[in-house]
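Residue numbers (our numbering), protein chains in the order written: chain A, 1 to 147; chain B, 1001 to 1160.
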Amino acid sequence: MDALDKAIVNQLQGGFPITDRPYAEVAETLGIPEAELLARLESLLSRGILSRFGPMYHAERLGGSLILTAMQVPSEDYERVAEIVNAMPEIAHNYEREHVLNMWFVVATETPEAAQAALDAIAEKTGYPVYPMPKLKEFFVGLRLEA
Amino acid sequence: MSQSDALDRAIILATQGGLPLVSEPYRAVAEAVGTTPDEVKARLERMLAEGVIRRIGAVPNHYALGYRANGMSVWDVPDEAIDELGARIGSFPFVSHCYHRPRHLPHWPYNLFAMLHARTREEVEAQARLIAEALGEADRGHLILYSTRILKKTGLRLNA
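As structure tokens, then:
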């Protein structure tokens, strides 16, 4: 990443305009041609420096359900359980973490019923209890990472 | 999808993978869903104002930017004070998400979650110390859980 890439990443983390030529407007702020901004964005996405570019939707406001869930999985059985969990389309993220509760995943569905069905299926297929940790209240979401 | 109609849904489906990288992206979305660019812009403005869209912009990959130490800090604080404490912790600039979540006693006494992001674990630990100071006696115990492996990362997608 060169200085211009960094400037683009820092500039574009929010507030993208809703106008006819939004890229041209942002490019002007950065002092570069529109085509250069588009090419740079394409490259940042294809290199995986940006995971996406566009509107970030709030799942719950769309009626969807996101539930953080933890499991305690014995190390000798970890890969089997990870495979079962990852294979489910309802699972958006899954992280191994250093704790007795060592598998943490997010169940993302369009309805709460579908989320419960996914949690039940995981408990049944893996043979281990799941600990749902749904959001009771959101205090803050958002962060600007300095590139 | 309780609060939106078919056109909102079509626009969401057309943009949840990303905004087109073309000169007139909202015109491209309008063409894809069979409406006018002005209608797409008005709908996006409305969804942004209502909070259905949190923001429009780039989502950097933490790791690619060097933020390799991502700690999930979890805190056991008194339930009756959690709204005030959660707001206080969520306002730290290094906290990306801050939530009240249920305890699972006796194994899991933590009810306040704050995701911390930094380039090293030492920095994450320093951030946690600032939170501990801000909580004072309300911090009845805390942990930082580091991720050691990303097993899956796709994100929520609505199905067409």
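Just so it is clear, CB atoms sit at the ideal spot from N, CA and C, and this is done for glycine as well.
Check                                                                                                                     : Outcome
DSSP beta-bridge partners of residue 1071/B                                                                               : 1116/B, 1146/B
Anticipated Cβ contact below 8 Å, residue 1119/B with residue 1069/B, distance rounded                                    : 6 Å
Where residue 1077/B falls, given that 16 or more other Cβ within 10 Å makes a residue buried                             : buried
Under 8 Å between C-beta atoms of residue 1060/B and residue 145/A                                                        : yes
In DSSP terms, what residue 43/A is bridged to                                                                            : Residue 43/A pairs with nothing; no bridge assigned.
Exposure of residue 1003/B, with buried meaning 16 or more beta-carbon neighbours within 10 Å                             : A caution first: residue 1003/B carries a pLDDT of 46, below 50, which makes its placement in the model too unreliable to give a value.
Nearest-angstrom beta carbon gap, residue 73/A and residue 94/A [assumed within contact, 8 Å]                             : So it is not a contact: roughly 11 Å between Cβ atoms.
Closer than 8 Å to chain B by CB, residue 40/A                                                                            : no
The region 45-54 of chain A in contact with the region 106-114 of chain A per 3-pair CB rule at 8 Å                       : no
Nearest candidate by alpha-carbon position, reference residue 1034/B, set 1015/B, 1147/B, 1134/B, 1011/B                  : 1011/B
Within 8 Å of chain A by C-beta, residues of the region 1044-1065 of chain B in sequence order                            : 1044, 1045, 1047, 1048, 1050, 1051, 1052, 1053, 1054, 1055, 1056, 1057, 1058, 1059, 1060, 1061, 1062, 1064, 1065
8 Å contact criterion, which residue 1085/B and residue 1110/B should meet: CB distance rounded                           : Going by Cβ atoms, the distance from residue 1085/B to residue 1110/B rounds to 13 Å, so no, they are not a contact pair.
Segment contact, 8 Å Cβ cut-off, at least three pairs: the region 129-141 of chain A with the region 1133-1149 of chain B : no
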